[in-house]
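Visitor: Every letter in the sequence shown is one number past the one before it in numbering that gives the first Met the number 0, and letter 75, counting from 1, is 74.
Don't be surprised by glycine CBs; every beta carbon is placed ideally from N, CA and C.
Being a predicted model, the structure only gives us computed values, none of them experimental.
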Amino acid sequence: MHIVIMGCGRVGSTLAHILEDSGHSVAIIDRDPQAFRRLRAGFRGRRVTGIGFDRDVLEEAGIESAGAYVAVSSGDNSNIISARVARETFGVDNVVARIYDPRRAEVYQRLGIPTVATVRWTADQILRRVLPEGAEPLWRDPTGTVMLAEVAYHPGWIGTRTGTLENAAGTRVAFVNRMGESLLPRDETVLQEGDILHVMAAENDMERINKVLSSAPEEESH
0 MHIVIMGCGR
10 VGSTLAHILE
20 DSGHSVAIID
30 RDPQAFRRLR
40 AGFRGRRVTG
50 IGFDRDVLEE
60 AGIESAGAYV
70 AVSSGDNSNI
80 ISARVARETF
90 GVDNVVARIY
100 DPRRAEVYQR
110 LGIPTVATVR
120 WTADQILRRV
130 LPEGAEPLWR
140 DPTGTVMLAE
150 VAYHPGWIGT
160 RTGTLENAAG
170 TRVAFVNRMG
180 ESLLPRDETV
190 LQEGDILHVM
200 AAENDMERIN
210 KVLSSAPEEE
220 SH
C-alpha cells in the first residue's frame, strides 16, 4: 500500500521508517526541507517539500494512489484541513490526524476523521507509571468516553472465573496479561496470581468498577 505522511518530525519520520520496513511505499511531506534530515540515509520513499493541504503537493506525493493518509505535523488546524482534503477531495478512506487539543476530538470524529489526541495520550502513559493502583487508561476513544484500562484487584478475586468477575463488576474483561503473554478470556478462564487485568468500560463507570474490584468478592461471586 502507498501511504502519504504529512509532517517529518519525530513521529512522522518514525512512522515512515516502520511502514517502509513493513513493505509499504511511503511519501512524506514537510514545509521545511531540513526536516527530511530525520530520515535515514537509505530511506527510499518520496520527500515532498510543501504544505500538506495543497493539492499539487498532495498529488506530487502520490495521494491519488494512496491507501492511507497520516497527518502528524505540529499544527492541529493543518492536520485536520489536510486530512479532510485527503478524504473529501481525493477519496482516501483511511485517514488519521494527530491533534494536541483533546477538546476538539469529538468534533473531528463527527467529521469522520479519526484522531490521536497527543496530550491526553501522553498524560495517560505517565499516570500509568506513577499511579500503580486503581484503573489507569491504556487507550481512549477520540471522544474520551470509552477506555481500555489496566485495573488493580483484590487478591480475593484470584481463582474467580473472568465471566463471574464481569458480572460482579458490571464490566467487560478485554484481555489478561499472564507471565508476559496476553490472552483473550474464555468462559472458563480463571484469574491466576500475577495476572494483569484489562477491562473495557465507559470512563464515568471506572470509579465504580475500581471500587468493586479493590474489595474481596462476596461469597456468591465464586
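(1) Measure the Cβ-Cβ separation of Val145 and Ala201 and say whether it is below 9 Å.
(2) Nearest by alpha-carbon distance to Gly6: which of Asp55, Arg102, Gly90 and Tyr68 is it?
(3) Are there 16 or more other CB atoms within 10 angstroms of the CB of Asp186, so buried, or fewer, so exposed?
(4) State the DSSP-derived secondary structure class of Met146, mapped to helix, strand or coil.
(5) Beta carbon of Arg45, beta carbon of Asp29: below 9 Å?
(6) Between the alpha carbons of Thr13 and Leu38, how many angstroms are there, rounded?
(7) If we ignore side chains and look at the alpha-carbon of each, how far apart do Trp138 and Tyr99 end up?
(8) Taking the alpha carbon of Gly207 as the point to measure from, which residue in Arg43, Val175, Met178 and Thr170 has its own alpha carbon closest?
(9) What runs of the beta strand (DSSP E), each 3 residues or longer, lie entirely inside the region 172-206?
(10) From the DSSP output, read off the bridge partner residues of His1.
(11) Which one or two residues does DSSP pair with Arg160 in a beta bridge?
(12) How long is the line joining the alpha carbons of Pro131 and Tyr152, rounded to whole angstroms?
(13) Is DSSP giving Asp29 helix, strand or coil here?
(14) Among Ser64, Arg43, Asp31 and Ala34, which has the Cα closest to the Cα of His16?
(15) Can you have a look at Asp31 and say buried or exposed, based on whether 16 or more other CB atoms are within 10 angstroms of its CB?
(16) So, Ser21 versus His1, is the Cβ gap smaller than 9 Å?
(17) Inspect the beta-carbon positions of Ser72 and Gly8 and report whether they are closer than 9 Å.
(18) Should Gly41 go down as buried or exposed, given a rule of 16 or more other Cβ atoms within 10 Å for buried?
(19) Please report the distance separating the alpha-carbon of Thr223 from that of Gly193.
(20) Find out if the Cβ-Cβ distance for the pair Val189, Arg160 is shorter than 9 Å.
(21) So for Arg43, helix, strand or coil by DSSP?
(22) If you draw a straight line from the alpha carbon of Glu59 to that of Ser81, how long is it in whole angstroms?
(23) Roughly how many whole angstroms lie between the Cα atoms of Val172 and Leu212?
(24) Is the beta carbon of Leu57 sitting closer than 9 Å to the one on Val84?
Guide: With the structure as the only source:
(1) Translated into the one-based positions of the sequence shown, residue 145 becomes position 146. Translated into the one-based positions of the sequence shown, residue 201 becomes position 202. Note that the C-beta distance between Val145 and Ala201 is below 9 Å.
(2) Counting from one through the sequence shown, the residue named residue 6 turns up at place 7. Of the listed residues, the one whose Cα sits closest to Gly6 is Tyr68.
(3) The residue given as residue 186 occupies position 187 in the sequence shown. So Asp186 counts as exposed.
(4) As a working note, residue 146 is residue 147 in the sequence shown. Note: Met146 maps to strand in three-state DSSP.
(5) Along the sequence shown, one-based indexing puts residue 45 at 46. Along the sequence shown, one-based indexing puts residue 29 at 30. The Cβ atoms of Arg45 and Asp29 do not sit closer than 9 Å to each other.
(6) Your numbering for residue 13 matches position 14 in the sequence shown. Your numbering for residue 38 matches position 39 in the sequence shown. Distance between the alpha carbons of Thr13 and Leu38: 8 Å.
(7) Here residue 138 refers to the residue found at position 139 of the sequence shown. Here residue 99 refers to the residue found at position 100 of the sequence shown. For Trp138 and Tyr99, the distance between alpha carbons rounds to 16 Å.
(8) Position 208 of the sequence shown holds residue 207. This sequence places Arg at residue 207; Gly is not what is there. Considering only alpha carbons, the answer is Thr170.
(9) Listed in chain order, they are 180-182 and 195-201.
(10) On the sequence shown, residue 1 is found 2 positions in, with the first residue counted as 1. DSSP links His1 through a beta bridge to Ser24.
(11) Sequence index remark: in the sequence shown, residue 160 carries index 161 (1-based). Its beta-bridge partners are Val189.
(12) Within the sequence shown, residue 131 is the residue found at index 132, counting from 1. Within the sequence shown, residue 152 is the residue found at index 153, counting from 1. Any answer about Pro131 is weak, because its pLDDT of 49 lies below 50 and its placement is not dependable; what the coordinates show is given next. Put simply, the backbone Cα of Pro131 is about 11 Å away from that of Tyr152.
(13) Numbered from 1 along the sequence shown, position 30 holds the residue referred to as residue 29. Residue state, collapsed to three classes: strand.
(14) Within the sequence shown, numbered from 1, the residue matching residue 16 stands at position 17. Across the set Ser64, Arg43, Asp31 and Ala34, the C-alpha of Arg43 shows the shortest separation from the C-alpha of His16.
(15) Numbered from its first residue, the sequence shown carries residue 31 at position 32. When all chains shown are included, Asp31 counts as exposed.
(16) One-based indexing of the sequence shown puts residue 21 at position 22. One-based indexing of the sequence shown puts residue 1 at position 2. Not in contact: Ser21 and His1 (Cβ atoms no closer than 9 Å).
(17) Taking the sequence shown and counting its residues from 1, the one referred to as residue 72 is at position 73. Taking the sequence shown and counting its residues from 1, the one referred to as residue 8 is at position 9. Less than 9 Å separates the beta-carbon of Ser72 from that of Gly8.
(18) The residue you call residue 41 lines up with position 42 of the sequence shown. The residue is exposed, with fewer than 16 neighbouring Cβ atoms inside 10 Å.
(19) Outside the displayed range of the chain (0 to 221) lies residue 223, so it cannot be described from this structure.
(20) In the sequence shown, residue 189 corresponds to position 190, counting from 1. In the sequence shown, residue 160 corresponds to position 161, counting from 1. Yes.
(21) Walking along the sequence shown from the start, residue 43 turns up at place 44. DSSP places Arg43 in coil when its eight states are reduced to three.
(22) Taking the sequence shown and counting its residues from 1, the one referred to as residue 59 is at position 60. Taking the sequence shown and counting its residues from 1, the one referred to as residue 81 is at position 82. Spanning the two alpha carbons is a distance of roughly 14 Å.
(23) Taking the first residue of the sequence shown as position 1, residue 172 is located at position 173. Taking the first residue of the sequence shown as position 1, residue 212 is located at position 213. One C-alpha to the other measures close to 12 Å.
(24) For the purposes of this step, residue 57 is identified with residue 58 of the sequence shown, where counting begins at 1. For the purposes of this step, residue 84 is identified with residue 85 of the sequence shown, where counting begins at 1. Contact: yes.
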